[in-house]
Amino acid sequence: MDDEVRAPGWDAIDAALGRVYGAVEPQHWGVAVPWNLGGNDPLYGVSAYESPRDGGHFHYVSYGLTDLWDKENDDPKYSGMGFELTFRLAKTGAEAAPLWPVSLMQNLARYVVKSGSVFEPGYHLDANGPICLASDTLLTGLLFTEDPELPTMSTVNGEVAFVQMVGVTGDELACARSSDTTGFLAVLARRSALLVSDLRRTSIMSDPELAEELRALSEAGASTGRLFNPRFAIEAGAGRPRVRLGAKEVPLFRELLRKRLGQGHALLLTGHEWQISFEPGSQGHITLDATTATIALTVGDVERIAEGLEAKRGEYPFDVVTFVVEPSEIRDVEGRVVQTIG
1 MDDEVRAPGW
11 DAIDAALGRV
21 YGAVEPQHWG
31 VAVPWNLGGN
41 DPLYGVSAYE
51 SPRDGGHFHY
61 VSYGLTDLWD
71 KENDDPKYSG
81 MGFELTFRLA
91 KTGAEAAPLW
101 PVSLMQNLAR
111 YVVKSGSVFE
121 PGYHLDANGP
131 ICLASDTLLT
141 GLLFTEDPEL
151 PTMSTVNGEV
161 AFVQMVGVTG
171 DELACARSSD
181 TTGFLAVLAR
191 RSALLVSDLR
201 RTSIMSDPEL
211 AEELRALSEA
221 GASTGRLFNP
231 RFAIEAGAGR
241 PRVRLGAKEV
251 PLFRELLRKR
261 LGQGHALLLT
271 GHEWQISFEP
281 GSQGHITLDA
291 TTATIALTVG
301 DVERIAEGLE
311 AKRGEYPFDV
321 VTFVVEPSEI
331 RDVEGRVVQT
341 IG
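102 is the number that my numbering gives to position 102 of the sequence shown; each next residue is one higher, with no gaps.
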C-alpha cells in the first residue's frame with residue numbers, strides 16, 4: 001500500500017522555479033500550524049531565491065493560494081484561487097533574504113482567503129504606510145503584474161498564475177491608478193526589467209523625462225478602466241438601483257468616470273460578487289443580471305455625478321442611479337486600522 005503523501009501542486013511550483021534557478025536551494029519559511037488546522041497564516045510556505053539578475057535580488061514565491069495536494073475547489077479551470085504571489089526585493093549587501101516580505105505575503109493571502117477576492121495583473125493596493133514597516137522607505141503601495149520569469153502554467157489541479165507584487169511610491173501609485181497600471185509598469189521596467197522593489201529608491205516621478213511621459217499617459221486615460229474593491233456592489237429594488245462604494249474610492253471614481261466616459265470608454269468596478277460597467281450613452285439606463293450591471297450615462301449624467309458625489313457617508317440620488325457611500329477603514333500592511341474616511 002502506497003502511503004506517500006503526494007503534492008502535485010507544490011511539485012509543479014518547484015518545477016517552474018527549477019526552470020529558472022536550476023538546482024539552487026532557496027530559503028524557505030513554513031508555518032507551525034496550517035490554516036486548515038486553525039493557524040493564522042493561509043500560506044503553507046514561502047521560498048526566496050537569490051537571483052543575480054537585474055542588479056541582484058531576492059525572489060519570493062508563495063505556496064498556498066493554489067491546491068498544493070488534492071484538488072479542493074469545484075472549478076476545473078483553476079487550481080485553488082488560481083494564482084500564487086511573488087515579490088522581488090533588491091539586495092543591499094550579502095545578507096540573507098529578510099523575513100518581512102513573508103509577513104506581507106501572508107497578510108495579503110489572509111485577505112484573499114477571507115474575502116474570496118483575488119489579485120490580478122493591473123490591480124493596485126495602497127499600503128497606507130511603508131510596505132516594510134520597520135523602514136523609512138518611500139514605497140507605500142503595490143501594483144500587481146505577471147511575474148516576468150514565471151508564466152501561467154497548467155497543473156493536474158488546474159491553472160496557476162504567478163502574480164508579482166511591485167512596490168511603488170505614493171505619487172507613482174496615484175499616477176498608475178489614474179492612468180494605466182500596465183503602461184506605468186512598462187515605464188518603470190526601464191529602470192528595472194524584472195520590476196525589482198528597492199526600498200532605497202526615490203520616485204520615478206522626480207525624473208523630468210519619465211514624469212512627462214507618465215503625465216501624458218494619465219491624460220490619455222486608463223486603458224484598462226477598472227477599479228477593484230470587494231465592497232463594490234449594486235442593489236436592485238423599488239426605485240433606482242443603488243451602487244455601494246467606499247468613501248476612499250470616491251475621488252478616483254469621479255476622476256475616472258469623467259475621463260473614461262468622456263473619451264467614449266467604459267469604466268468597470270469589480271467587487272467581490274459584482275461587475276458594474278459604466279458606459280457612455282445617448283440616454284441613461286441600467287441593465288442587470290445575476291452578477292453584472294451595465295449603467296449607461298449621458299454627458300450630463302456624468303457631470304452631475306462627478307460634481308455631486310461626495311467622499312462621505314450618505315446616499316446620493318441621481319437620475320439613473322443612487323450611490324450609497326460607506327466609510328472606508330484604512331489599514332496598514334498588518335491589517336490594523338489607522339484611519340477612517342467618510
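We put the CB at the ideal spot given by N, CA and C, even for glycine.
Give a yes or no on whether the C-beta atoms belonging to residue i and residue j are separated by under 9 Å.
i    : j    : result
G9   : T66  : yes
R191 : A90  : no
V243 : F323 : yes
L267 : S282 : no
G80  : N73  : yes
T292 : Q275 : yes
P230 : S328 : no
D171 : S135 : no
K71  : V156 : yes
T140 : L173 : yes
D325 : D301 : Note on residue identity: the sequence assigns Val, not Asp, to residue 325. Their beta carbons are not under 9 Å apart, which means V325 does not touch D301 by this criterion.
E307 : A296 : no
F232 : H285 : no
G158 : G82  : yes
K259 : G342 : no
L257 : V299 : no
F318 : I305 : yes
W29  : V102 : yes
Near residue i, what residues of its chain come up, given a Cβ to Cβ distance below 6 Å and the 5 sequence neighbours on each side ignored?
i    : result
W35  : P42
S51  : H57, H59
S62  : L43, V46, E84, L85, M105
A211 : M205
F119 : F144, V163
R336 : none
Using only CA atoms, which one of the options lies nearest to residue i?
i    : options                : result
L17  : K71, E149, G264        : E149
R165 : N107, W29, A293, N229  : Checking the sequence shown, residue 165 turns out to be Met, not Arg. Out of N107, W29, A293, N229, N107 has the C-alpha closest to the C-alpha of M165.
P130 : V168, A97, G93, T182   : V168
D54  : A32, V33, A193, T152   : A193
L185 : S154, E315, P121, F232 : P121
S154 : P241, A311, A12        : A12
L143 : W100, P241, R88        : R88
Y316 : V20, D289, P241        : P241
E235 : E310, T294, R260       : T294
G237 : D289, G93, V33         : D289
L138 : P98, D198, G93, S115   : D198
C175 : Y111, R313, P208, L214 : L214
L245 : D207, G239, L309       : L309
Does DSSP put residue i in a helix, in a strand, or in coil?
i    : result
D2   : Because the pLDDT of D2 is 49, which lies under 50, any placement of that residue in the model is unreliable, and the question is left without a value.
L227 : strand
E255 : helix
D41  : strand
L214 : helix
L17  : helix
Y123 : coil
F184 : helix
P317 : strand
E172 : helix
V113 : helix
R177 : helix
E25  : coil
A12  : helix
P34  : strand
S203 : coil
Between residue i and the rest of its own chain, which residues show a CB-CB distance below 7 Å, the 5 nearest in sequence each way excluded?
i    : result
R177 : H124, L252
D2   : In this prediction, D2 scores a pLDDT of 49, lower than 50, which makes its location untrustworthy; the coordinate-derived value is nonetheless stated afterwards. Same-chain partners within the cutoff: there are none.
E303 : none
F228 : Y123, T270
E255 : S178
S115 : P230, H272
A15  : none
G314 : V325
Less than 8 Å between C-beta atoms, sequence neighbours within five positions excluded: which residues of the same chain meet that for residue i?
i    : result
D332 : A127, N128, G129, L133, V338
V24  : Y49, E50
A109 : D41, P42, L43, S62, G64, L65, L85
A96  : Q27
E146 : P121, T152, A161, F162, V163, Q164
V31  : G39, D41, L43, Y44, G45
R6   : W69
A311 : A247, K248, V250, P251, V325, I341, G342
- Item | Segments of 3+ residues assigned as beta strand (DSSP E) that fall wholly inside the stretch 54-108 | Taking only runs of at least 3 residues, the beta strand (DSSP E) segments lying wholly in the stretch 54-108 are 57-63, 78-90.
- Please go through the stretch 125-150 and give each complete beta strand (DSSP E) segment of 3 or more residues, from N-terminal end onward. Assignment of beta strand (DSSP E) within the stretch 125-150, counting only whole runs of 3 or more residues, yields 139-146 in chain order.
- Task: Ignoring anything shorter than 3 residues or poking outside the stretch 247-309, list the beta strand (DSSP E) runs there in chain order.
- Result: 267-270, 275-280, 285-288, 292-297
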